[in-house]
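Presented below is the structure to which this report refers.
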Amino acid sequence: MNRNPYSPHTEADRREMLAAIGVSSVDDLLGAIPADARRPALGLPAGMSEAEVQSHLASLAARDRPAGAGPFFLGGPVQRRYIPAAVPALAYRGEFLTAYTPYQPEISQGTLQSVFEYQSLMSELLAMDVVNSSMYEGASAVAEAALMAVRLTGRKRVVVATEVYYQYRETLRTYARGPELEIVEVATRDLAPSAAGAACLIVQHPDALGTLVDVRPVADAAHAAGALCVQVTEPHACALLEPPGKLGADIVVGEGQPLGIPMSFGGPYLGIIACRDALVRQLPGRIVGETRDANGTRGFVNTLQTREQHIRREKATSNICTNEAIAAIVASVYLALMGPRGLRAAAGLGVERAHRLAERLSALEGCRIGDEGPFFDRFLLATPLDERTLHDALELDGIEAGGVAGADGYPGRSGLVVQCTEMTTEAEMDALVRGVTRIVTGSGEKAAAG
Amino acid sequence: MRLPASGATTAAPVLEPLLFELEREGRAGRHVRGGENADALIPAGFRRGEPLRLPQVTESQVVRHYMHLSEVNYSVDTGMYPLGSCTMKYNPKVNDRVAALPGLADLHPRQDDASVQGALALLWELERMLVKITGMDAATLQPAAGAHAEFTAMLVFKAYHAWRGEGATRRRMIVPDSAHGTNPASAAMCGFEVTTVKSDARGNIDLDALTAALGPDVVGLMLTNPNTLGLFEERVRAVCDAVHAAGGLVYGDGANMNALLGLTRPGDLGLDCIHINVHKTFSTPHGGGGPGAGPLCVKERLRPFLPGPGVVREADGTFRRSSDDRPRSIGRVRSFFGSFGVLVRAYAYMRTLGEEGMVETSEDAILAANYLAARLKGRYALAYDRPCMHEFVLSAAAQKKKGAAALDIAKALIDEGFHPSSVYFPLIVPEAMMIEPTETEPKETLDAFADALLRIADRVESDPAPLHDAPLTAPLRRLDEVTAARHPVLRWKPPSRP
Ligand SMILES: Cc1ncc(COP(=O)(O)O)c(C=O)c1O
């Protein structure tokens, strides 16, 4: 019996193949491997049946507390959102899921057209000219946008707002070690005055704390200084807010996970990157374009490939090869199902609930919304308590309360970043209000119990 | 299946309309309702000015649309996919199912350690297994794919040399001419100058050329083993020794790890680190281009520089995210922990196989490749005639002289019912056809594929011209890629908008 359950070979097959090769065993084919390094014992466990694997994984999963298990206000780039049933049913069909990069367009139109549709839908949402077929995820997309701006301007100074997601800023700093870029972090309000000599200004709207940011002056300052404006955004926000293409952004990046992709503890996700037409030759990654076949029938192909590593090698715009194509297909199915009304509804529910919740929380003694100005679907909750203390106390109540702004690296901030989406329920909001009331004001259930 | 449309005529023929071409104003899904009051909460100056022009289609239209598209997509689930360097093996379904368990799929990456003990345990076990398989000491699971791991390793190398005070001098990376394009691209992204070394007549790195290229300014060597010719580097230890003697480090591109499971460990051969293309070796679905996952395994001396955090196990058996063991970390290379859903699938697959199953996997992959090479080498030139590992490269240079290039042969394979091999890679073999059958294709399929290529070889001998028109049986004929690049149409635009 085969030790690999997926092996199709019988012993007779193996004998015939060895005979055709003219050797007596596979070992005869391993002569190039140094003899003393051949067939080491690895010390791995023995194999399992499918039923055993299923129950082993189920037992691991049972040690986790999934997001739906209690009140949940974590968010940021990764959001708990409703995934319509048809999304996985279509996008994860084997014909899409088990194909690879469409090197043979004649037999890959499913992938190619679906990705072209993703590019079209995303362009519309962002009001940008060109969207590529995907980057790994949001943070590396931001870093690649900075590298793109560096190539386009010939400058090595990148200015990024401290209200950009901290994971994105950290990743940017890591990437910058390679080409030795100068990364300057300033508050959003100081971006415009820092434009001189910069390759780009990186602004996030809505920012990491949920605040709405006036991007236009940032873009104007960047352009006046010969720099580019890179806007980090979120797909749902673009359904309700003036999209980046109307605000002066030259390159737009973000995380596409909220578009039907499970949170899955960090990945795989969907890196969004878009740019103006004039910049497309410096865009990293694959791009699908429309064309015709020899009969004149419309079809789609990977195009503008002279930007890419398999042709340009060390002169390529990026090293990216394997991308996140299935996530782009997921996003296209999601956007098609939701349509303009559904997407606006999902985004709008998050906004409504965040505002209702903020109002209730800021009515509590000592609590306030920590950042001035209008916010979108998340906000900073500042209380007299230390942020960690409050967070951990809520955690003990079974409430995933959100990020801790100060410890996460948002200078001058302290408190919880509370995210709402269409999945946030009244009961969850009640639980958070109750929890904060008890912990911060010492009243409520605890007082009653004490 | 779908029946051919009767009598429907459009100005320009299409395989399937675009979503935008299916819409009617007023159609809508009802997946999420409400939120109408949000606009009032957003100051006027911030509100979206023009309508959101997404298509208005019903769910049943969306279902039929993507079903139609799925029908015109070739995949491993529908047939053999011998794309060299890509390891298109069968992707077991149970792996997809366990990755979708709510206790794994519905976890936010910022949940506290206490609420994700199962996920952390899985990652910790996976890391241990990868380290054992590669003969390394530590790993980071963060990189999203092979190329991402290459770039991560370049940054690690740079930090290592800088820590030793040689950061300013070591700026040149050596890359063999057979290497995948991501290798030089990753080195360049890290600011290194790339020196290409040639291969010798047996398909190995030319040791003399390597020695000549080495010097005090060298960061290291990027080594793919088995290389992209499917050949095991015959003097791998001498190669690594030479690089180390010059103070450089050896990076292992582990894209071809499917040949080595339990047969040898890169860490025993002198390599300082190696990435694993989990989507290849450990059978996770390639998704039409991605996602992948590219864990990077390293020797002890590089551990302090790895991206953080990793997972550590406490004395009491609990797990915790920590960067304590990487004090000189280059920082994170992405948000959060990596392609977790991909890693879960790989973990399930590895536990299914166990050690013996893994060894058999690589043995069968090598057997299948050598078998196909033996069946084909009389009619197509084998680029290097020695035993291959899990893949091999043919040259269609002779066929090209007769009138059919590698591209024509690839397209003719489509009419024979197969996805073509990789073509024109590696660059050092003229008219390259790189064939990787994998261990999961039965012998009768391997035979049918060989028969198809032999029939095509006959056609090249007798009448090559019609091959230029292949494929004839695919959903589309050959596509005009030149016009696509010259006059790029990269999105649908409403007819009214130029
Ligand atoms: C030899 C080799 N190296 C590196 C890569 C890059 O890996 P990835 O596509 O996962 O980024 C590939 C695959 O495409 C490859 O075949």
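Here the protein sequences line up with chains Z and R, keeping their order. Take the first sequence: its letter number 25 is residue 8 in the numbering used here, and every next letter is one higher. Take the second sequence: its letter number 177 is residue 182 in the numbering used here, and every next letter is one higher. Note that the Cβ used here is the ideal one computed from N, Cα and C, for glycine as well.
Here the alpha carbon of G249 of chain Z sits roughly 14 Å from the alpha carbon of E307 of chain Z. Here DSSP, grouped into helix, strand and coil, assigns Y256 of chain R to strand. One alpha carbon belongs to C350 of chain Z, the other to A105 of chain R, and they sit about 39 Å apart. The beta carbon of A330 of chain Z sits closer than 6 Å to those of H219, A222, L223, all from its chain and outside the five residues before and after it, given in chain order.
Linking F287 of chain R to T233 of chain R through their CA atoms gives a straight-line distance of about 19 Å. By the neighbour-count criterion, in which a residue is buried when 16 or more other Cβ atoms sit within 10 angstroms of its Cβ, R270 of chain R is buried. Around A374 of chain R, the same chain offers G235, C393, M394, H395, E396, F397, I440, E441, P442 as residues with beta carbons nearer than 8 Å, after the five sequence neighbours per side are excluded. Collapsing the DSSP output to three states places S426 of chain R in coil.
Below the 8 Å Cβ cutoff, chain R contributes L481, R482, R483, L484, D485 as neighbours of D276 of chain Z, in chain order. Across the stretch 82 to 97 of chain R, CB contacts with chain Z closer than 8 Å involve D82, T83, Y86, L88, C91, M93, K94, Y95, N96, P97, in sequence order along the chain.
Under DSSP, I255 of chain Z takes part in a beta bridge, and its partners are Z:G237.
The nearest non-hydrogen atom of ligand 1 is less than 7 Å from the C-beta of C91 of chain R. By the rule of a C-beta closer than 6 Å to any heavy atom of ligand 1, the residues picked out are Z:C304, Z:T305, R:S90, R:A150, R:G151, R:A152, R:H185, R:T187, R:T229, R:T233, R:D258, R:A260, R:N282, R:G297, R:G299. In this structure, G267 of chain R lies near E360 of chain R, with their beta-carbon atoms less than 8 Å apart. Counting every other CB atom within 10 Å of its CB across the protein chains shown gives L495 of chain R a total of 16 or more, marking it as buried.
Taking C-beta separations shorter than 6 Å and ignoring five residues to either side along the sequence, the partners of V167 of chain Z in its chain run V142, following chain order. Closer than 8 Å to the CB of S344 of chain R there is at least one CB belonging to chain Z. Considering only Z:A74, Z:N(-13), Z:L80, the residue with the shortest C-alpha distance to G294 of chain R is Z:L80.
Check the Cα spacing between K498 of chain R and each of Z:A68, Z:C258, Z:A18, Z:A110: the tightest is with Z:A110. Rounded to whole angstroms, the separation of the alpha carbons of D330 of chain R and Q61 of chain R is 53 Å.
Per DSSP, the unbroken alpha helix (DSSP H) holding M105 of chain Z starts and ends at 92 to 109. Of the residues Z:R417, Z:E405, Z:V387, Z:M406, the one whose Cα lies closest to the Cα of L192 of chain Z is Z:V387. Note: Q214 of chain Z is bridge-paired with Z:V186, Z:V235 in the DSSP secondary-structure output.
Pairing T408 of chain Z with G243 of chain Z, the inter-Cα distance amounts to about 19 Å. When the beta-carbon positions are compared, E78 of chain Z and D82 of chain R come within less than 8 Å of each other.
For C278 of chain R, the enclosing beta strand (DSSP E) covers residues 278 to 280. The three-state reading of DSSP puts G418 of chain Z in helix, counting H, G and I together.
Counting other Cβ atoms within 10 Å of its Cβ, H492 of chain R stays below 16 and is therefore classed as exposed. The stretch 258 to 283 of chain Z is shown to contain whole beta strand (DSSP E) runs of 3 or more residues at 270 to 275, in chain order. Boundaries of the beta strand (DSSP E) around A144 of chain Z: 140 to 144. Bounds of the alpha helix (DSSP H) holding V241 of chain R are 241 to 250. By the Cβ neighbour-count rule, K285 of chain R is buried, with 16 or more other Cβ atoms within 10 Å of its own.
Along the stretch 73 to 90 of chain Z, the positions whose C-beta sits under 8 Å from a C-beta of chain R are L73, A74, Y75, R76, G77, E78, F79, L80, T81, A82, Y83, T84, P85, Y86, Q87, P88, E89, I90, read in chain order. Taking 4 residues as the minimum length, the alpha helix (DSSP H) runs contained wholly in the stretch 350 to 421 of chain R are 402 to 407, 411 to 420, in order along the chain. Within the same chain, G30 come within 8 Å of R(-14) of chain Z by CB-CB distance, once the 5 residues on both sides are set aside.
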